[in-house]
Ligand code: SAM
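Structure follows, in structure tokens:
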């Protein structure tokens, strides 16, 4: 087995490692190896995307959810969650405000809420694409049938985010109720890609029971899927879930995984997530410096922000959309990067 520096060189060159090599590298990482990795990650990111940071306007349009993921604050059985839904008009208002602030991608994210039928989603997608033909529309509304995904795509949706959460079936079943399976989640991802969506997957870092073996399997799964986007962030406990007393994921390991992802998938769109900004004041800046190239400021109306609580202490729940946008611009400029005002599509490098 080579040492960690040699394995980082190998990942850069070959864009893949064996399962054993990933496990060794993750298990034996050091601050020096991490710096070495981040430098390479930045070099690759600069070669493909320059110093641009893409912004995605996130509209959290419903916190109703039929599922009971053990980690999630908006799980169906959390009776303390204060539920809300946005109307089509409210969603369009968010887009209007976002467009004025320079957003050219809107992300509609929500719990799995059957109130919004496929017909309703098609109507909302059509209205957004008619109103903003120069913008990309991303959906993040969970597991659906292939037919539903096809209808959303045909209506004009461009991208879909669905984290695989963990590639290991046994680990998946410890984070989810029996009604949800890794198999179906992964089926959804391959369907989305085949249909033609720019597809995003991802996982939580430091979720309960997670091992280095699981993380290695996540890397191998992502290599097989070859997604356009990968969203990763630390697991953060929510007080009204079965995982209330579990430990949160670390900034350090999340950054290391971002660096590995940049080397394995040089062209990927990698967000520096709100969860990263929640566990460290400069978490999102550090994510960018580890190889990420996307940030997702919140465009949801201020009165519902505190209700979309997937985990405790979520940041930016009291700010106006304009404040979030300006704050991120300052943060990115502060580390020598600039916010891009364009759709920020995947570049096949
Ligand atoms: N319902 C859609 C789905 O299932 O993909 C989208 C919304 S879901 C709440 C978005 C993501 O939030 C999940 O993929 C999960 O990784 C993340 N998430 C949920 N609870 C979390 C927690 N406690 N800590 C960190 N991330 C969490």
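Residue numbers (my numbering): -4 to 344. Just so it is clear, CB atoms sit at the ideal spot from N, CA and C, and this is done for glycine as well.
Between which two residues does the alpha helix (DSSP H) carrying residue i extend?
i: residue 272; result: 269 to 274
i: residue 26; result: 26 to 44
i: residue 230; result: No alpha helix (DSSP H) holds residue 230; DSSP gives it neither H nor E.
i: residue 117; result: 113 to 126
i: residue 168; result: 164 to 170
i: residue 211; result: 207 to 220
i: residue 15; result: 14 to 22
i: residue 199; result: Looking at the DSSP string, residue 199 is not in any alpha helix (DSSP H); the run it does join, the beta strand (DSSP E), is 193 to 200.
i: residue 258; result: 246 to 259
i: residue 93; result: 83 to 95
If we ignore side chains and look at the alpha-carbon of each, how far apart do residue i and residue j end up?
i: residue -3; j: residue 100; result: 42 Å
i: residue 147; j: residue 178; result: 22 Å
i: residue 211; j: residue 160; result: 13 Å
i: residue 33; j: residue 5; result: 15 Å
i: residue 241; j: residue 306; result: 12 Å
i: residue 44; j: residue 328; result: 16 Å
i: residue 295; j: residue 56; result: 7 Å
i: residue 73; j: residue 236; result: 7 Å
i: residue 25; j: residue 1; result: 13 Å
i: residue 311; j: residue 300; result: 8 Å
i: residue 20; j: residue 204; result: 19 Å
i: residue 53; j: residue 222; result: 20 Å
i: residue 187; j: residue 95; result: 30 Å
i: residue 336; j: residue 244; result: 32 Å
i: residue 193; j: residue 46; result: 22 Å
Cβ-heavy atom distance between residue i and the ligand NAD below 6 Å?
i: residue 127; result: You won't find the ligand NAD in this model; what it holds is the ligand SAM.
Starting from the Cα of residue i, find the closest Cα among the options and give me that residue.
i: residue 139; options: 109, 49 and 120; result: 109
i: residue 280; options: 98, 331 and 307; result: 331
i: residue 191; options: 197, 225, 205 and 144; result: 144
i: residue 79; options: 342, 341, 302 and 270; result: 302
i: residue 326; options: 297, 282, 96 and 313; result: 282
i: residue 70; options: 29, 116, 124 and 234; result: 234
i: residue 293; options: 286, 274, 276 and 318; result: 318
i: residue 105; options: 81, 174 and 284; result: 81
i: residue 229; options: 26, 23, 66 and 58; result: 66
i: residue 220; options: 270, 196, 209 and 343; result: 196
i: residue 249; options: 261, 218, 284 and 216; result: 284
i: residue 262; options: 342, 245, 150 and 255; result: 342
i: residue 132; options: 115, 152 and 141; result: 152
Between which two residues does the beta strand (DSSP E) holding residue i run?
i: residue 100; result: 100 to 105
i: residue 155; result: 154 to 156
i: residue 49; result: 47 to 50
i: residue 65; result: Unbroken run through residue 65: none, as it is neither H nor E.
i: residue 134; result: 131 to 135
i: residue 333; result: 333 to 335
Give a yes or no on whether the minimum CB-CB distance between residue i and chain D is below 7 Å.
i: residue 294; result: Absent here is chain D; the protein component of the structure consists of one chain.
Do residue i and residue j have their C-beta atoms within less than 7 Å of each other?
i: residue 40; j: residue 257; result: yes
i: residue 9; j: residue 61; result: no
i: residue 264; j: residue 224; result: yes
i: residue 207; j: residue 18; result: yes
i: residue 171; j: residue 64; result: yes
i: residue -1; j: residue 36; result: no
i: residue 227; j: residue 48; result: no
i: residue 200; j: residue 252; result: yes
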